[in-house]
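Undergrad: Numbering (full-length UniProt numbering), first residue to last: 1 to 562.
Glycine included, C-beta positions come from ideal geometry on N, C-alpha and C.
Please read these numbers as outputs of a predicted model, since none were measured by experiment.
Let me give you the structure first, and then I'll get to my questions.
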Amino acid sequence: MTNKDIIKTFRLVTSLMELHGANPFKTRAYSSAIQSMENAGTPLFELSNELLIEIGLSKTMAEKLMLLFETGSFKELAELKEKTPDGVIEMMGLSGVGPKKIATLWKELDIDSLEKLKVACEENKVQTLKGFAAKTEAKILQQVIFLQENRKRLHYAKAEVIAKNILSFLSDKGIKACTSGELSLHREIVDTLSFTVETESTKALIGILSESELIDLDEERSIPLTIKGTTKDTGSLVEIYVASPQEFIKLSFKKSATTAHLQLRKDDASPSLNDILRKEEVTTHKEIYEKAGLPFFPPELREGIFDEQFLKGGIPTLVEDEDLRGSLHNHSDYSDGQNTLREMAEFLKNEGYEYLGISDHSKTAFYANGLSIERIEKQHQEIDELNKELAPFKIFKGIESDILPDGSLDYDDDVLATFDFIVASIHSPLTMTKEVATKRLITAIEHPATTILGHPTGRLLLRREGYPIDHKAVIDACAKNNVVIEINSSPWRLDLDWRWAKYALDQGVKLSLNPDAHAVGGYADMHFGLLVGRKAGLTKEMTLNALSKDELEQYFNTKKRN
């Protein structure tokens with residue numbers, strides 16, 4: 001159970017309490033506990049009751065957390081969920097529709113599911129309620145359709161955790177297995193958790209899987225060599241491909257690549273990868289490529305989209321987690337982050353990184369406690385003091401400057417000049433045409449102070465589609481103006497999309513794997529951005545935060561001079 005899972009559970013409790021009109025003081029107690037959890041900076045699941053109290057939880061909240069670890073629930077959570085229809089809980093995932101509005105929909109229109117809400121919106125019943133205008137109804141309908149289409153799909157980060165648990169269960173039973181499909185390709189969204197398993201007996205494997213607390217088997221949908229089911233906690237689809245020891249290597253390879261990639265061949269006279277699988281005996285995935293006369297493609301590159309380009313230019317040496325030297329685009333408690341500058345810097349330093357790029361929200365983001373000019377000066381003074389104390393570790397002075405509707409940045413040039421780097425991002429408004437959004441981004445990119453373009457489309461995976469942009473025009477503008485594009489590594493964003501990251505690299509645009517961390521636990525999200533970058537062929541040399549501290553300082557200084 002990760003910290004994010006735990007915090008998500010406690011947030012659900014606060015939302016359900018508000019939904020049912022609970023005492024505000026009780027709700028505040030949970031909110032306070034959530035803040036302590038976000039500030040913990042260590043896996044909560046590994047802490048004892050005493051240590052949970054030491055990080056700031058009350059005795060009562062620590063006991064609830066211990067119950068959650070032991071049983072998966074606690075009294076208040078169970079009671080609230082029991083008296084709340086599952087559909088109402090699902091409705092609470094609607095962006096911008098708080099618990100009080102959900103309560104109104106439920107109690108006044110008897111809406112207790114997304115399906116009923118969709119019908120009510122289509123019949124224009126929602127806009128008849130107090131506080132719900134026609135525009136609000138239209139936005140809710142759009143969100144409902146989006147959520148329905150994405151039910152039971154998982155962010156890769158969540159799917160990875162579930163997959164590791166399933167593989168661990170199988171390994172403990174002495175069963176050889178590996179991920180397949182979307183998991184092995186490291187797709188940003190996983191529709192089906194797929195695995196290839198080696199066994200002499202499908203029946204015996206089914207018997208073992210039936211003991212698992214992770215999977216519900218669906219024997220009616222299963223076929224002799226494919227066991228199907230769903231995950232118990234999310235209801236997501238699971239497919240387990242069964243292979244004999246003799247066929248495991250071949251099947252695991254086949255299930256780790258797209259149909260297009262399996263058709264790849266060196267030339268017209270050479271066998272395809274599929275031909276090798278059908279006709280040859282092999283002992284490793286590498287041998288399959290060798291017998292086809294092809295270079296080895298890492299699993300992330302087996303999409304079949306960029307095959308010819310990689311064959312022509314060579315398979316790049318992909319960036320690795322250990323290549324990253326620091327973290328850029330991070331938020332401290334100066335704006336809406338949970339940790340102090342010192343806590344963030346010391347955490348990264350202790351993890352072996354060389355630098356922290358702080359980029360709190362700018363003044364336009366008042367909702368996120370954006371920095372006034374006076375508070376910028378205060379932060380810069382603290383950074384100077386910390387840099388003397390923590391040297392050779394360094395904190396680079398940055399800001400996430402809002403891109404205003406006309407494309408300008410929200411500080412004067414003399415203020416922008418005080419920063420080492422600028423992350424320029426759009427936060428609002430997000431409702432734009434492709435032409436308006438593209439012009440807005442390009443205007444910001446052309447500003448001499450812009451160092452990095454932040455989350456280019458503003459998307460939230462499985463929650464919100466990004467605003468439409470002309471990716472080619474935006475990337476070309478970054479190439480022309482020497483602006484880096486971030487792969488926002490939050491599992492909820494992963495924006496720039498990997499399908500366009502390849503084009504950016506081809507144009508010579510560097511990418512930065514930015515966690516957009518709002519707490520020290522968020523630094524680990526760089527891993528997910530790295531997986532996305534690898535799918536596009538990202539190398540260490542083209543990764544901004546793979547530069548050493550001195551190299552990055554020189555890069556920033558050169559950018560500012562030019």
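As a quick exercise: from Y30, S372, E70, pick the residue whose alpha carbon is nearest that of E76.
TA: Taking only the C-alpha atoms, the option nearest E76 is Y30.
Undergrad: In angstroms, rounded to a whole number, what distance separates the CA positions of S95 and L430?
TA: Rounded to the nearest angstrom, the two C-alpha atoms are 13 Å apart.
Undergrad: Three-state secondary structure (DSSP) at E239?
TA: DSSP places E239 in strand when its eight states are reduced to three.
Undergrad: Kindly give me the distance between the Cβ atoms of V319 and T543, rounded to whole angstroms, as I take these residues to be in contact under 8 Å.
TA: Rounded, the Cβ-Cβ distance is 5 Å, consistent with contact.
Undergrad: At what residues does the beta strand (DSSP E) containing L217 begin and finish?
TA: Note, L217: beta strand (DSSP E), 215–217.
Undergrad: Excluding the five sequence neighbours on either side, which residues of its own chain have a C-beta within less than 7 Å of the C-beta of V520, listed in chain order?
TA: Closer than 7 Å at Cβ, skipping near neighbours: G41, N339, E343, M344, F347.
Undergrad: Have a look at L12, K397, I276 and flag the residue whose alpha-carbon is nearest the alpha-carbon of P99.
TA: Selected option, being the one with the closest Cα: L12.
Undergrad: Based on the DSSP secondary-structure assignment, which residues constitute the bridge partners of L511?
TA: Paired residues: I485, T543.
Undergrad: Does the distance from the C-beta atom of L16 to that of T84 stay below 7 Å?
TA: Against a cut-off of 7 Å, the Cβ pair of T84 and L16 comes out as a contact.
Undergrad: Given K535, which residues of its chain have a CB within under 6 Å of its CB, disregarding the five upstream and five downstream residues?
TA: Around K535: E300, W498.
Undergrad: With a threshold of 7 Å on Cβ separation, who are the neighbours of S332 within its own chain once the five nearest residues in sequence on each side are excluded?
TA: Closer than 7 Å at the Cβ level, and outside the excluded window around S332, lie N339, T340, L341, M344, I358, D360.
Undergrad: What residue does the beta strand (DSSP E) around K176 start on, and which one ends it?
TA: That residue, K176, is in no beta strand (DSSP E); it is neither H nor E in DSSP.
Undergrad: I'd like the list of long-range same chain contacts for N49, defined as Cβ closer than 6 Å, with 5 residues on each side in sequence excluded.
TA: A62, M66.
Undergrad: So what does DSSP say about Y467, is it helix, strand or coil?
TA: Of the three classes helix, strand and coil, the one that applies to Y467 here is coil, per DSSP.
Undergrad: Just list the beta strand (DSSP E) runs in the segment 122–164, keeping only unbroken ones of 3 residues or longer that don't cross its boundaries, in chain order.
TA: Fully enclosed beta strand (DSSP E) runs of 3 or longer: not present.
Undergrad: In angstroms with no decimal places, state the Cα-to-Cα distance between A22 and R28.
TA: C-alpha separation (whole angstroms): 11 Å.
Undergrad: In or out: R459 buried (at least 16 other Cβ within 10 Å) or exposed?
TA: Burial call: buried.
Undergrad: Can you tell me where the beta strand (DSSP E) with G313 in it begins and where it stops?
TA: No beta strand (DSSP E) holds G313; the alpha helix (DSSP H) holding it covers 307–313.
Undergrad: Assign H20 to one of two classes, buried (16 or more other C-beta atoms within 10 Å of its C-beta) or exposed (fewer than that).
TA: Under this definition H20 is an exposed residue.
Undergrad: Tell me where the alpha helix (DSSP H) around E382 begins and ends.
TA: 373–390 is the extent of the alpha helix (DSSP H) around E382.
Undergrad: Looking at the secondary structure, which residues open and close the beta strand (DSSP E) in which N274 lies?
TA: Note, N274: premise wrong, no beta strand (DSSP E); alpha helix (DSSP H) at 273–279.
Undergrad: Can you list, in chain order, the residues of its chain whose CB lies under 7 Å from that of Q263, leaving out five sequence neighbours each side?
TA: S272, N274.
Undergrad: Please confirm whether L141 and C121 have their CB atoms less than 7 Å apart.
TA: Yes, they are a contact pair.
Undergrad: What's the C-alpha gap between Y555 and S335?
TA: Distance between the alpha carbons of Y555 and S335 is about 26 Å.
Undergrad: Tell me where the alpha helix (DSSP H) around L52 begins and ends.
TA: Run containing L52: 49–54, per the alpha helix (DSSP H) assignment.
Undergrad: I believe I227 touches I240 by the beta-carbon criterion, under 8 Å. Please report the beta-carbon distance rounded to the nearest angstrom.
TA: Confirmed, about 4 Å.
Undergrad: Are the segment 213–225 and the segment 161–181 touching by the rule of at least three beta carbon pairs closer than 8 Å?
TA: Touching, yes.
Undergrad: With the cut-off set at 7 Å, would you say N481 and N514 are in Cβ contact?
TA: Against a cut-off of 7 Å, the Cβ pair of N514 and N481 comes out as no contact.
Undergrad: Under the rule that 16 or more other beta-carbon atoms within 10 Å means buried, what is T179, buried or exposed?
TA: By the 10 Å Cβ count, T179 comes out buried.
Undergrad: Please confirm whether F396 and D420 have their CB atoms less than 7 Å apart.
TA: In contact: F396 and D420 (Cβ atoms closer than 7 Å).
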